[in-house]
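>
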Amino acid sequence: MLVKESKQLTRDVFALTLEGQFDYDKVTAGRFVHVLIEDGKAHPLRRPISIASCDSHAKTLTLVYRVVGDGTLWLSKRIRGDTVSLLGPLGKGFVAPHKPGKVLIVGGGVGVPPLFQLAKELVQENFELDIVLGFRSQGDVFWTEEFAQFGRVTVCTEDGSLGEKGFVTAVIDVTNDWTTLYSCGPKAMLKALRNHFAGSTIQGYVSLEERMACGVGACWGCTCLDPSGSLAKRICKEGPVFSWEEVSL
Ligand SMILES: Cc1cc2nc3c(=O)[nH]c(=O)nc-3n(C[C@H](O)[C@H](O)[C@H](O)COP(=O)(O)OP(=O)(O)OC[C@H]3O[C@@H](n4cnc5c(N)ncnc54)[C@H](O)[C@@H]3O)c2cc1C
Ligand code: FES
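Heads up: the sequence shown runs through residues 972 to 1220, numbered per this note's numbering.
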């Protein structure tokens, strides 16, 4: 696909909008693309990045990623008109709530992007959203205004430099009547959320991450375990989205 725009959102987070031919009909929130780095010679393994936003009419796809190594650094240097090769959409995305009612969305750091496409899809289905976004510090915060078009947004920073001080769980009242919780972010956050809602009837979904090789279920290099610790699940194939009873966090 062709680079339409690359925008720096924070010190190390970029939004890359690509345009052109893609299997837009198969995009659902939570699915990801496998990105070829350069021509694949120096970096034979593609890099998985979630679809942050998709517009099938404009034929554009937006990825939001943090620069952590060579692959994402290369991506951050792409400019308008460059070509980026993608495989996808891959994996299993978020499923719609099983019942009507209010929905809670919780994102942490670069776990926030896939929840944008989710919020967009849920609002189109008339769900009412509460959105909690957690970041380390003010300088790491991005897309909070973009999320505000979909629901009530609460921002938390660990050092209190913007929004509420502390972790996301500090501002989430478990007695609220949300039917469903969707979350993506660091594993510690996902685990804390599940513990926070222990005993509640809320249906929780988590999007997990693992280093990936094939991205299509062939190599078993990206597994997580079920709660009993005995059954492996491939994050690229059975996930990355799981209901939180399905996996060990
Ligand atoms: C399904 C899925 C969706 C993802 N979506 C996004 C997204 O939307 N935005 C985003 O910023 N990142 C996302 N990631 C993480 C992203 O794939 C990695 O950050 C990226 O592959 C790093 O590539 P690199 O070449 O820059 O770094 P590398 O040189 O490969 O690695 C640099 C450092 O990052 C660590 N690292 C690499 N991959 C991961 C990983 N998956 N989990 C934890 N640590 C890792 C390495 O151990 C190393 O320390 C996603 C991962 C998965 C599995
Ligand atoms: S990366 Fe190969 S099975 Fe998931």
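Backbone N, C-alpha and C fix where the C-beta goes; we use that ideal spot for every residue, glycine too.
Near residue 1000, which residues of its chain fall below 7 angstroms by C-beta distance, leaving aside the five closest residues on each side in sequence?
Around residue 1000: 1064, 1065, 1085, 1088, 1089 and 1092.
> Express the C-alpha separation of residue 976 and residue 1045 in angstroms, rounding to a whole number.
Cα to Cα, residue 1045 sits roughly 15 angstroms from residue 976.
> With distances taken Cα to Cα, identify the nearest neighbour of residue 1200 among 1112, 1185, 1190 and 1216.
Answer by Cα proximity: 1216.
> Count the other C-beta atoms from every protein chain shown that fall within 10 angstroms of the C-beta of residue 1083, then say buried if there are 16 or more, exposed otherwise.
It counts as buried.
> Which of the three DSSP states is assigned to residue 1203 in this structure?
Residue state, collapsed to three classes: strand.
> Starting from residue 1091, follow the alpha helix (DSSP H) in both directions and report where the run begins and ends.
Its alpha helix (DSSP H) spans residues 1084-1095.
> By Cβ distance below 6 angstroms, which residues in the same chain neighbour residue 1105 in space, the five residues on each side in sequence not counted?
Excluding sequence neighbours, residue 1105 sits near 1079, 1127 and 1139.
> Do you know whose CA, among 1167, 1032 and 983, lies nearest residue 1039's CA?
When only C-alpha atoms are compared, the closest one is 983.
> Please state whether DSSP places residue 1117 in a helix, a strand or coil.
Residue 1117 falls in the helix class under three-state DSSP.
> Ligand 1 heavy atoms versus the CB of residue 1043: any closer than 7 angstroms?
Yes; taking the cut-off as 7 angstroms, the Cβ of residue 1043 has a heavy atom of ligand 1 nearer than that.
> If you count every other CB in all the chains shown that lies within 10 Å of the CB of residue 1145, and 16 or more means buried, which is it?
Counting Cβ neighbours within 10 Å, residue 1145 comes out exposed, since fewer than 16 surround it.
> Is there at least one non-hydrogen atom of ligand 1 closer than 7 angstroms to the beta-carbon of residue 1156?
No; taking the cut-off as 7 angstroms, the Cβ of residue 1156 has no heavy atom of ligand 1 nearer than that.
> Check each candidate in 986, 1035 and 1057 and name the one with the smallest Cα separation from residue 1016.
Per the Cα distances, 1057.
> Which term fits residue 1155, buried or exposed, when burial requires 16 or more other beta carbons within 10 angstroms of its beta carbon?
Buried: at least 16 other Cβ atoms inside 10 Å.
> Using a Cβ-Cβ cut-off of 6 angstroms (strictly less than) and excluding sequence neighbours within five positions of residue 1037, which residues of its own chain qualify?
983, 984 and 1081.
> With DSSP run on the structure shown, which of helix, strand or coil describes residue 1165?
In this structure, residue 1165 counts as helix in the three-state DSSP scheme.
> Have a look at residue 1075 and residue 1114 and give me their C-alpha separation to the nearest angstrom.
One C-alpha to the other measures close to 17 angstroms.
> Would you identify the three-state DSSP class for residue 1101, choosing helix, strand or coil?
Residue 1101: strand per DSSP, three-state reduction.
> Mark residue 1149 as exposed unless 16 or more other C-beta atoms lie within 10 angstroms of its C-beta, in which case mark it buried.
With 16 or more Cβ atoms within 10 Å of its Cβ, residue 1149 is classed as buried.
> Can you list, in chain order, every residue whose CB sits closer than 7 angstroms to a heavy atom of ligand 2?
Answer in sequence order: 1183, 1184, 1185, 1186, 1187, 1188, 1189, 1190, 1191, 1192, 1193, 1205, 1206, 1207 and 1208.
> On a CA-only basis, which of 1031, 1141 and 1121 is nearest residue 1168? Give me that one, please.
Of 1031, 1141 and 1121, the residue nearest in Cα terms is 1141.
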